[in-house]
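Trainee:
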Amino acid sequence: AMKVPNPKAVPIIQHPDVRRMLLKQKSITEGIRALAFLCYYSMDREFNAGLEQNEQDKEYWHGMIEMLTPMVKSYCTERGMEVCSDAVQTYGGYGYCREYPVEQMMRDQKINLIYEGTNGIQAMDLLGRKLGMKKGLYFMNLLGLTQAAVAEAKGNDKLKAEAEIVEGALNACAGTAMAFAKMMKTTPFVPLIGAADFLNCLSDALVGWLHIWMANAAFKGLANAASDKDKAFYSGKIEGAKFFINRITGLVPAKLENLQKDEQSAMNISEEAFAV
41 AMKVPNPKAV PIIQHPDVRR MLLKQKSITE GIRALAFLCY YSMDREFNAG LEQNEQDKEY
101 WHGMIEMLTP MVKSYCTERG MEVCSDAVQT YGGYGYCREY PVEQMMRDQK INLIYEGTNG
161 IQAMDLLGRK LGMKKGLYFM NLLGLTQAAV AEAKGNDKLK AEAEIVEGAL NACAGTAMAF
221 AKMMKTTPFV PLIGAADFLN CLSDALVGWL HIWMANAAFK GLANAASDKD KAFYSGKIEG
281 AKFFINRITG LVPAKLENLQ KDEQSAMNIS EEAFAV
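Heads up: the sequence shown is residues 41 to 316, going by our numbering.
#1: If I measure Cβ to Cβ from Gly234 and keep anything under 6 Å in the same chain, skipping five residues before and after, which residues do I get?
#2: Is the stretch 81-93 touching the stretch 129-142, taking contact as three or more C-beta pairs under 8 Å?
#3: How many angstroms separate the CA atom of Arg73 from the CA atom of Glu303?
#4: Can you find the residues in the same chain that come closer than 7 Å, C-beta to C-beta, to Cys79, ignoring five residues on each side of it along the sequence?
#5: Just to confirm my understanding: we take Ala214, look at its own chain, exclude 5 residues before and 5 after, and list those with CB closer than 7 Å. What are they?
#6: Apart from the five residues just before and just after Phe259, which ones in its own chain have a Cβ nearer than 8 Å to its Cβ?
#7: Can the beta-carbon of Ile285 be found less than 8 Å from the beta-carbon of Val206?
#8: Nearest-angstrom Cα distance between Glu311 and Pro228?
#9: On the criterion of 16 or more Cβ atoms from any shown chain inside 10 Å, does Asn46 qualify as buried, or is it exposed?
#10: At what residues does the alpha helix (DSSP H) containing Leu183 begin and finish?
#11: Where does Cys116 fall in DSSP's three states?
#12: Would you decide whether Phe314 is buried or exposed? Buried here means 16 or more other CB atoms lie within 10 Å of its CB.
#13: Helix, strand or coil for Lys48, going by three-state DSSP, please let me know.
#14: Give the list of continuous alpha helix (DSSP H) stretches no shorter than 4 residues that lie fully inside the stretch 126-150.
#15: Sorted by chain position, which residues of the same chain lie with C-beta nearer than 6 Å to Thr117's C-beta, five sequence neighbours on each side aside?
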């Protein structure tokens, strides 16, 4: 029996599952934008270093572009597709109808996973070529770029737990990259089968860091916010960061541990078995 007979209807935004989907869409969208902007920023820095004839800086930012490009192309489109799917789901049956724009957005988004090299090709490029560039220097520089924001967040009791999650995820990515490098010489199909998942895990960790970076700035902004709109903006950034890091970045270490298993069923299955 219902505890409250004939309950009053409420807007769907008050339902926990709808709020989960909306905050997931918000945090992913803001995160992948930040990842793309970081790549564009790296392009500007490389260009300016060239104008200044600063070869060391030019090489550093060129390495950032090399590392970020496959993630921006592949991960951002994968997550964008997920956001569109959740948008349809949020509307319920209406989301599937043409009266609302999200069904077209979802169809239009699909091609972005295919343009300019399919996402699987991007993942193999990251794993097989980019991680080992300059004997791993570009990859280590990328991980090094994350340290300052994580260290700052550790000094904030309201962000410390999230900072530790991001740090753990990034460390797990570094460990898996080294493990995959060894496997390429012995059981190469294991890392090749896991390439797409590795790219997504590394991206989940990096977007977690970018959320930490944004949350650090949001806490400072919130302390000086004068209007209710500004307070909502900054608090939204903080809650979005906490959601993404706890519910997405936090899963990275377990996923990466699973990827290192000697599991090759995708290669062992016969081609005939796919059809029956």
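In this text, a Cβ means the ideal position worked out from N, Cα and C, and glycines have one as well.
Mentor: If we stick to the structure as given:
#1: For Gly234, same chain residues with a beta-carbon under 6 Å away, outside a window of 5 residues either side, are Leu299 in chain order.
#2: No: fewer than three Cβ pairs fall under 8 Å.
#3: Arg73 and Glu303 have their C-alpha atoms some 34 Å from each other.
#4: The beta carbon of Cys79 sits closer than 7 Å to those of Ile105, Leu108, Thr109 and Val112, all from its chain and outside the five residues before and after it, given in chain order.
#5: If you ignore the 5 residues before and after Ala214, its C-beta comes within less than 7 Å of the C-beta of Leu183, all in its own chain and listed in chain order.
#6: Asn196, Lys198, Leu199, Tyr274 and Ile278.
#7: Yes; because the gap between Cβ atoms is below 8 Å, this pair is in contact.
#8: When rounded, the distance between both Cα atoms is 20 Å.
#9: Asn46 is exposed by the Cβ-count criterion.
#10: Here the alpha helix (DSSP H) through Leu183 covers Leu177 to Leu185.
#11: Helix.
#12: Per the 10 Å Cβ criterion, exposed.
#13: In the structure shown, the three-state DSSP call for Lys48 is coil.
#14: At a cut-off of 4 residues, the continuous stretches assigned as alpha helix (DSSP H) that sit fully inside the stretch 126-150 are 142-150.
#15: Excluding residues within five positions, the ones whose Cβ falls inside 6 Å are Asn152 and Leu153.
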